Structure formats: C-alpha cells, structure tokens
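If you read the sequences in order, they're chains A and B. If you read the first sequence in the numbering used here, its first letter stands for residue 1, the second for the next number, and so on. If you read the second sequence in the numbering used here, its first letter stands for residue 1001, the second for the next number, and so on. Note that CB positions come from ideal geometry on N, CA and C, so glycine has one too. It should be emphasised that the depicted structure is a prediction, and the values quoted were computed from it without experimental measurement. Data block below; observations after.
Number of protein chains: 2
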Amino acid sequence: MFKALADEGRRQLLDALRERNGQSLQELCELLPDLTRQGVTKHLRILEDANLVVTVKRGRHKLHYLNPVPINEIAERWLSNYERDKLRALSALKAALEES
Amino acid sequence: MFKALADEGRRQLLDALRERNGQSLQELCELLPDLTRQGVTKHLRILEDANLVVTVKRGRHKLHYLNPVPINEIAERWLSNYERDKLRALSALKAALEES
DNA sequence: ACAATAGGCAACTAAAAGGTTGCCTGTCAA
DNA sequence: TTGACAGGCAACCTTTTAGTTGCCTATTGT
C-alpha cells in the first residue's frame, strides 16, 4: 500500500482518477505518454492489488475507479499516530539541536 | 518521501523513534536484528534524505530524531485531497458496480 | 596510552521494480 | 462477418534497491 503510493506515475494515475473517476485504460494511457499501454497496465495492476483502484469491465472497456477507503485508513491509523506526537517530537528535536 | 515510507523496516525505525526519540544507531540496530549495522545505516540514510529523521552527533554517538514536519505535510496536502473526494468517489464506485 | 566502542565509506552481490516487445482474446460497428 | 479497437498474458531486458563484507576513522574509559 505504501509501496503502491511510492511511484510518481501511480500517484498521477490516482490524481487522474480523482479528477475524473471511471476512466478506461486508453484514457489513462494518454495521461502518461512516456509509457506504453502495458506499462500503464502494470501500474494499474499494482494499484488494484493495493485496493486503491477498483475496476469494472463494461463491454470491451475496463473502467477504473478510485477506492477512497484504504487511503482513508492510512490517514487515520498511521499518520494520526505521528500527528499526536508532533509537538513532542518537535520539542525533543529542538532541545537536542540546542544542546550541541 | 513516499518511497522512504514504502519499506516496512523504515516504518519500524520511525515507530521506534516515535516511542523513544533520540536513539543511537546501536540501539536502533537491536530493533532490527535481521539486518547488519550497515543495513540499518542505509535505511536511516534514506529517512534522513527524506527529511523524516534528523541526526545530531554527540561524541561518538549519533542520535536520531523524528522530524514530524514532512509527514505532517503529506497528511495535509496529499491525503486531504483524497479525503475531500471521499464520498464522491465512493458513490461513483457504487453506481458503477450497480450498473454492471 | 591504548583497547574497546560507535560509526563511516566503498565495492560487490542478489533481488525486485520498471519497462518493453510480441502475440493472443474478446467486443463492437459497418 | 470481418476489420478495427480495447485489453490481457508472458518473456525478456535494464535499472534500482536491499543487503553484505571488509576496512578505515574517531571517541571514550581505564
């Protein structure tokens, strides 16, 4: 999941779906002109495995939808832990720097 | 930055520093017993490059401090974009699934 | 002073990620 | 019904990343 987010191209794909949900592979390929169709497919596959994107086959098109649930979980579970300790960490950092 | 977070070992290091800030390399090595000292060093280097960890040399020890600022930025800038669209994406997803 | 401790640097290896090409399958429209 | 379009699959190559080993430097305690 963090790994899926660790690639700029994949983040761009997510951004594209955020702008317009339900795009086909073709459409998404136009957004990453430096990659071949298969390259984009692989990235979408990773996003799908990470459950960040959900697909629906409609005829000969495969539509891609953003799944907001897991990214929400990350925000709540992992990042909030660090939010909670933000001020404490900052003051410890400051103290350590001043002491030297 | 996302890349730095994309490794379980590095996340463990961050967690360790969150529990107790200002640990030395030695101490952090004990937390990842499967890795050699140099392995841990490399991970810490990556966290440092991503500005997630700040270090202070004190005598022959190098103390590692969690830097809460960038992780906070990620939470605010990137994730909040997706938070904002959470409900919209969910309903689009639902509609697409029902239509098929 | 010097042995032990804490860490840094560089070269090397192994594994994983990113990307491509070639070909195959299914669907639609004329 | 057949040609064009949308996509899938598998093999392959290249680059990056993760990890190791070996050796070097600096600090500290006795």
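Let me see if you follow: with CB-CB separation under 8 Å, is residue i close to chain B or not?
| i | result |
| --- | --- |
| A/ARG86 | Here residue 86 of chain A is Lys; the residue named in the question, Arg, does not match the sequence. At least one chain B Cβ lies under 8 Å of A/LYS86. |
| A/LEU47 | no |
| A/ASN81 | yes |
| A/LEU44 | no |
| A/ALA75 | yes |
With respect to the beta strand (DSSP E) encompassing residue i, which residues constitute its N-terminal and C-terminal limits?
| i | result |
| --- | --- |
| B/ARG1058 | 1053-1058 |
| A/LEU66 | 61-66 |
So, does the CB of residue i fall closer than 8 Å to a CB anywhere in chain A?
| i | result |
| --- | --- |
| B/LEU1097 | yes |
| B/ALA1050 | no |
Can you say whether residue i is buried or exposed, counting buried as having 16 or more other CB atoms within 10 angstroms of its CB?
| i | result |
| --- | --- |
| A/LEU97 | exposed |
| A/HIS61 | exposed |
| A/GLY22 | buried |
| B/ALA1095 | exposed |
Counting along the chain, where does the alpha helix (DSSP H) carrying residue i start and finish?
| i | result |
| --- | --- |
| A/LEU90 | 86-99 |
| A/ALA103 | The requested residue 103 of chain A is not part of the displayed model; chain A covers only 1 to 100. |
| B/ARG1018 | 1008-1019 |
| B/ASP1049 | 1037-1049 |
| A/LEU31 | 25-31 |
query = Three or more C-beta pairs closer than 8 Å, one from the stretch 90-97 of chain A and one from the stretch 1065-1074 of chain B: is that the case here?
reply = By the Cβ rule, the stretch 90-97 of chain A counts as touching the stretch 1065-1074 of chain B, because three or more pairs are nearer than 8 Å.
inquiry  = Counting only Cβ-Cβ distances shorter than 9 Å, please list the residues of the stretch 1053-1071 of chain B near chain A, keeping chain order.
reply    = Shown in chain order are the members of the stretch 1053-1071 of chain B whose Cβ falls below 9 Å from a Cβ of chain A: VAL1054, VAL1056, LYS1057, ARG1058, LEU1063, TYR1065, LEU1066, ASN1067, PRO1068, VAL1069 and ILE1071.
key: the stretch 3-34 of chain A: positions lying closer than 7 Å to chain B by Cβ   = Going along the stretch 3-34 of chain A in chain order, one finds LYS3, LEU5, ALA6, ARG18, ASN21 and GLY22 with a Cβ nearer than 7 Å to chain B.
message = I want to know whether the stretch 1017-1028 of chain B touches the stretch 1072-1088 of chain B - three or more CB-CB distances under 8 Å.
response = Output reads no: the stretch 1072-1088 of chain B does not touch the stretch 1017-1028 of chain B.
The stretch 1040-1052 of chain B in contact with the stretch 1006-1023 of chain B per 3-pair CB rule at 8 Å = Note that the stretch 1040-1052 of chain B touches the stretch 1006-1023 of chain B; at least 3 beta-carbon pairs, one per stretch, sit closer than 8 Å.
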